[in-house]
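Novice:
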Amino acid sequence: MSAEWASEATGRLLAAIDALPRERLAFSRADVAARVVVADHMQGSGMEAMIDDAFNVVGRLEGMDPTLRPLVVASHTDTVPDPGRLDGALGVFAGIECARALAAIDRRLRHPLLVIDFSDEEGSTTYGCWGSRAVAGALTPGEKAALAEPESALRVTLVAGGGHLAELGRVIRPLEAPVMGRIEPAAYLELHIEQGPVLERVAVATAAVTAIVGIERYEVRLGGVSGHAGTVPMADRDDAVLRAAVLVETFWKYVLGLGSQAVTNFGRVNVEPGSYNVIPSAVSLGVEVRSPEPELVDQMRARLSELAAGAGGQLEVIGHEDPLPLSAEIIKATRESADAEGIACRELPSWAGHDAGVFAPRTPTGMIFVPSIDGVSHSPAEATRQTDIALGLRLLLATLRRLDERL
Ligand SMILES: [Zn+2]
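The working numbering numbers the first residue of the sequence shown as 59 and each following residue consecutively.
Given below as structure tokens:
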């Protein structure tokens with residue numbers, strides 16, 4: 059499609075986003091009201107739309123071959139508190155604009171197209187990516203049990219969300235777990251803002267996302283000897299905070315030296331007994347590492363464990379999520395589409411989680427990033443140049459059509 063189409067469609071999608079309630083915490087009245095608007099917007103764009111039992115809005119445009127599995131273009135319209143304008147909503151409305159363009163020119167795809175606005179991606183109420191995990195069949199046993207338990211916080215929240223929907227004259231059956239786990243796309247695509255500074259820094263308008271990073275979390279415990287903060291001479295002290303400080307600095311510099319594919323964060327520090335007048339007897343550090351490369355996660359864990367042991371302490375792994383490589387075939391299709399359209403595109407990992415991560419282990423999955431000005435996200439200052447959004451939208455539609463021909 060032409061640059062004129064993309065610029066006009068971008069204006070339309072931004073106006074549609076700005077007409078939604080600004081803050082949309084999952085299953086709140088504002089979130090549910092926005093879902094109804096999204097469903098109506100899909101209908102008005104030539105799709106059949108419904109809100110499913112997981113509060114996902116699902117728009118469908120028939121393809122020429124109804125026996126093919128659908129292509130899915132999706133993201134989310136729920137937000138964090140005091141959010142930006144584009145996180146999630148951009149991908150949903152970009153999908154709607156692609157469907158509108160295909161319906162209007164009557165150049166339908168071979169595959170049916172589903173445009174989906176997933177519920178609670180941000181994890182305001184659930185563990186996050188609720189709607190995408192529900193339809194991909196990836197709810198946890200604990201969540202399934204909570205759905206069946208009338209008093210559970212999850213069920214109470216979903217029933218309240220159903221109430222908001224009923225007030226707006228729409229009825230769903232929010233707890234019908236048996237109908238979940240039913241979408242098996244031929245491919246999944248998501249357009250999203252980068253939420254980091256890389257694309258803006260290199261002045262490139264789009265990226266084909268290579269992987270969603272793996273995350274590991276640790277608790278490191280280091281000991282010391284408590285004593286009077288005044289009377290014990292400095293040279294005689296065994297201060298747990300000093301051990302921790304040396305470990306933090308050493309590990310931080312180690313990760314910096316690994317290059318651009320690894321990060322770490324010491325987000326929690328707990329000092330015992332935690333008093334001005336007592337030398338610290340213990341420190342526990344809450345540490346996170348992220349990388350798109352499993353070997354780098356392994357290396358960081360080994361180095362941190364070695365440093366903890368060297369400081370007389372211990373490391374415990376308290377959380378692990380594997381890196382999720384995205385489809386090489388879709389990355390290739392995205393880059394070829396960018397070349398054909400004359401759009402600058404590079405490859406980047408995603409350092410944040412997305413609904414795409416739910417589908418990545420199950421189905422060929424791809425993502426396209428557009429730049430975030432100053433790398434800001436989850437903030438009202440979140441912004442992307444309108445011209446960059448238009449390029450991302452054009453690339454999304456071009457990639458979709460290329461995949462439709464190939465799959
Ligand atoms: Zn998002």
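C-beta: ideal position from N, C-alpha, C; glycine also.
Given the structure is predicted, the values throughout are model-derived calculations rather than measurements.
Secondary structure at Asp76, three-state DSSP: helix, strand or coil?
Specialist: Asp76: helix per DSSP, three-state reduction.
Novice: Tell me which residue opens and which closes the alpha helix (DSSP H) that Met425 is part of.
Specialist: It is not in any alpha helix (DSSP H) - Met425 instead sits in the beta strand (DSSP E) that spans Thr423 to Val428.
Novice: Are the C-beta atoms of Val229 and some chain D residue less than 7 Å apart?
Specialist: Of the protein chains in the structure, only one exists, and it is not chain D.
Novice: In angstroms with no decimal places, state the Cα-to-Cα distance between Val217 and Met122.
Specialist: Taking the straight line from one Cα to the other gives about 38 Å.
Novice: So Ala340 and Arg393 are in contact, right, with Cβ under 8 Å, and what is the actual spacing, rounded?
Specialist: With a Cβ gap of about 51 Å, Ala340 and Arg393 do not count as contacting.
Novice: Unbroken alpha helix (DSSP H) runs of length 4 or more, entirely within the stretch 145-190: which are they?
Specialist: Segments of the alpha helix (DSSP H) lying fully in the stretch 145-190: 147-162.
Novice: For Leu71, name the three-state secondary structure that DSSP assigns.
Specialist: Of the three classes helix, strand and coil, the one that applies to Leu71 here is helix, per DSSP.
Novice: Considering only heavy atoms of ligand 1, does any lie closer than 6 Å to the CB of Gly146?
Specialist: Yes, ligand 1 has a heavy atom inside 6 Å of this Cβ.
Novice: State the CB to CB distance for the pair Ala245 and Leu461, rounded to an integer number of angstroms; the pair is presumed to be in contact (CB under 8 Å).
Specialist: At roughly 5 Å, the Cβ-Cβ gap stays under 8 Å, so Ala245 and Leu461 are in contact.
Novice: Quick test of your reading: Ala161 and Ser103, contact by CB under 8 Å. State the CB separation rounded to the nearest angstrom.
Specialist: At roughly 7 Å, the Cβ-Cβ gap stays under 8 Å, so Ala161 and Ser103 are in contact.
Novice: Roughly how many whole angstroms lie between the Cα atoms of Ala287 and Tyr276?
Specialist: Roughly 29 Å between the two C-alpha positions.
Novice: Can you tell me whether Ser318 is buried or exposed? The criterion is at least 16 other CB atoms within 10 Å of its CB, across all chains shown.
Specialist: When all chains shown are included, Ser318 counts as exposed.
Novice: How about Pro243 and Thr421: are their beta carbons less than 7 Å apart?
Specialist: Against a cut-off of 7 Å, the Cβ pair of Thr421 and Pro243 comes out as a contact.
Novice: How big is the Cα-Cα spacing for Lys202 and Thr308?
Specialist: Taking the straight line joining both Cα atoms gives about 43 Å.
Novice: Enumerate in chain order the residues of its own chain whose CB-to-CB distance from Ala204 is below 8 Å, with the five nearest sequence positions on each side excluded.
Specialist: Taken in chain order, the residues that qualify are Ser210, Ala211, Leu212 and Arg213.
Novice: Okay, do the stretch 383-397 and the stretch 326-338 touch, 3+ Cβ pairs below 8 Å being the bar?
Specialist: The stretch 383-397 vs the stretch 326-338: no contact.
Novice: Compare the C-alpha of Asn323 against each of Lys311, Ile163 and Ala369 and name the closest.
Specialist: Comparing Cα-Cα distances from Asn323 to each of Lys311, Ile163 and Ala369, the minimum goes to Lys311.
Novice: Going by DSSP in three states, Gln357 sits in which element: helix, strand or coil?
Specialist: Gln357 falls in the helix class under three-state DSSP.
Novice: For Gly377, write down the residues that DSSP places opposite it in a beta bridge.
Specialist: Gly377 is bridged to Arg275.
Novice: Which residues in the same chain as Val237 place their Cβ atom closer than 7 Å to its Cβ, once the five residues preceding and following it in sequence are excluded?
Specialist: Any answer about Val237 is weak, because its pLDDT of 49 lies below 50 and its placement is not dependable; what the coordinates show is given next. The residues are Asp111.
Novice: In the DSSP assignment, find the unbroken alpha helix (DSSP H) run with Ile251 in it and report its ends.
Specialist: Run containing Ile251: none in the alpha helix (DSSP H); it sits in the beta strand (DSSP E), Ala245 to Ile251.
Novice: Please report how far the alpha carbon of Glu120 lies from the alpha carbon of Glu399, in whole angstroms.
Specialist: Using only the alpha carbons, I get a separation of about 26 Å.
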